[in-house]
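What follows is a single structure, written as structure tokens, with notes after it.
2 protein chains.
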Amino acid sequence: MRDSSEGGRLDSFDLAILDILQKDNGTPQRVIGEKVNLSSAAVHRRIRRMQEEGVIVGNYAVVDPLRVGLPFTVVVEVHVESERLDLLDAAKRSFAGDPQVQQCYYVTGEADFVLIVTVPSMSAYEALTRRLFFGNNNVKKFRTLVVMDRIKTGLAVTLDDA
Amino acid sequence: MRDSSEGGRLDSFDLAILDILQKDNGTPQRVIGEKVNLSSAAVHRRIRRMQEEGVIVGNYAVVDPLRVGLPFTVVVEVHVESERLDLLDAAKRSFAGDPQVQQCYYVTGEADFVLIVTVPSMSAYEALTRRLFFGNNNVKKFRTLVVMDRIKTGLAVTLDDA
DNA sequence: GTAGTGATGAAATTATTTTGCAAATTTGGG
DNA sequence: CCCAAATTTGCAAAATAATTTCATCACTAC
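If you're matching them up, the sequences are chains A and B in order.
Under UniProt numbering, the first residue of the first sequence is numbered 1, with each subsequent residue one higher.
Under UniProt numbering, the first residue of the second sequence is numbered 1, with each subsequent residue one higher.
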């Protein structure tokens, strides 16, 4: 073991491959090879290694929420009453376990949690607040920010050549 | 044209296929077919149709930020001075154009924008605030929430059978 | 009932992924 | 600087998977 949890450093080939896969993981390895100047076999082995090492966390299709009946995205700031570890863990599990909660971050600063939720209607959002917030008496208060425009979404990260 | 922008309704086969692809878009079409009870050809045609219609927005590999030198995630709430359309558009473009900004939402309520950013260091975050916020005199103020725990990330949405 | 439309499965075709192996490259001592 | 070990590569074959073709089936409108 070397760095965090597994695996060695990534070289510039790895980064170039990741850069392509972050944009479209359906790109054939042959095409990737042409772009980065490696054989498709080498590309394949590198991708497999990065999957095994956990550099690549997953491979996902992304669905347009509007096209599946989820026109509302809401950002919620949640403030808790107590920072007791067991209570925080319970809150984390409850937030993470809800399928309408797309993302959940535990943060420092003026709030304790930030959630990104996707719902079919504002009344569904109201139901969610009852479920997750009013139903949890460690939640002191929450602020609702309704998304008017999803300007940029995605999970891609910058991959500066090391 | 029928609903929003293109394409007909999704049936329960489509939703079952999307459900699988949202979890792992590398799943072979043959395996998907077995799970949803369709031939691989039918699965293939449905996937292609949903791509063309924009139901499937994209196919991405997700990289662990920790493994590529980006240990800090920050949520930022941005408040603007003026809501003039041209100024808002300029802000949107500037936020969306920055590679360290992973997500950007324009919201109602107590803030105007919420950003999720990923940075290699807090000094890189400071540089980002100079670039995006102090360098834009339509930004009135911003609140920084440093992420301690990325409890749930992803872009998957709930696909209740319609 | 029948023409028209659209979706299906089976099978054939095409393309991609995966593996074996020898050669090339890199790494770490002497 | 050179050698030996370890790693990585490219090529080509083998195994899988994606895509197209085509005949058939189901449904609709007339």
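All C-beta atoms in this analysis are idealised placements derived from N, C-alpha and C, irrespective of residue type, glycine included.
Exposed or buried, what is residue i when buried is set at 16 or more other beta-carbons lying within 10 Å of its beta-carbon?
i, result
"Ser12/B", "exposed"
"Leu85/A", "exposed"
"Glu83/A", "exposed"
"Asp160/A", "exposed"
"Asp149/A", "exposed"
"Ala127/B", "exposed"
"Asn37/B", "exposed"
"Asp112/A", "buried"
"Thr108/B", "exposed"
So which of the options has the shortest CA-CA distance to residue i?
i, options, result
"Gln51/B", "Glu77/B, Ser39/B, Leu18/B and Glu110/B", "Leu18/B"
"Gly8/B", "Arg46/B, Ala124/B and Lys23/B", "Arg46/B"
"Val146/A", "Val75/A, Leu70/A, Ser121/A and Ala16/A", "Val75/A"
"Val157/B", "Ile116/A, Phe142/A and Lys92/A", "Ile116/A"
"Gln103/A", "Gly58/B, Gly69/B, Lys152/B and Gly26/B", "Lys152/B"
"Asp64/A", "Phe133/A, Thr118/A, Ala124/A and Asn136/A", "Thr118/A"
"Glu53/B", "Val68/A, Arg48/A and Ile56/A", "Val68/A"
"Thr27/B", "Leu70/A, His44/A, Ala61/A and Thr144/A", "Ala61/A"
So who's on the other strand from residue i, going by DSSP bridges?
i, result
"Thr144/A", "Val76/A"
"Thr118/B", "Thr73/B"
"Gln102/A", "According to DSSP, which records beta bridges pairwise, Gln102/A is partnered with nothing at all."
"Phe95/A", "According to DSSP, which records beta bridges pairwise, Phe95/A is partnered with nothing at all."
"Val107/B", "Val147/A"
"Phe113/A", "Val78/A and Tyr106/A"
"Val139/B", "Val80/B"
When the cut-off is 7 Å and only beta carbons count, does residue i lie next to chain A?
i, result
"Tyr125/B", "no"
"Gln29/B", "no"
"Ala90/B", "no"
"Ala16/B", "no"
"Val76/B", "no"
If you measure from the beta carbon of residue i to each beta carbon in chain B, is any gap under 7 Å?
i, result
"Met122/A", "no"
"Arg131/A", "no"
### Task
At 4 residues or longer, and completely inside the segment 28-79 of chain B: list those alpha helix (DSSP H) runs for me, N to C.
29-36 and 40-53
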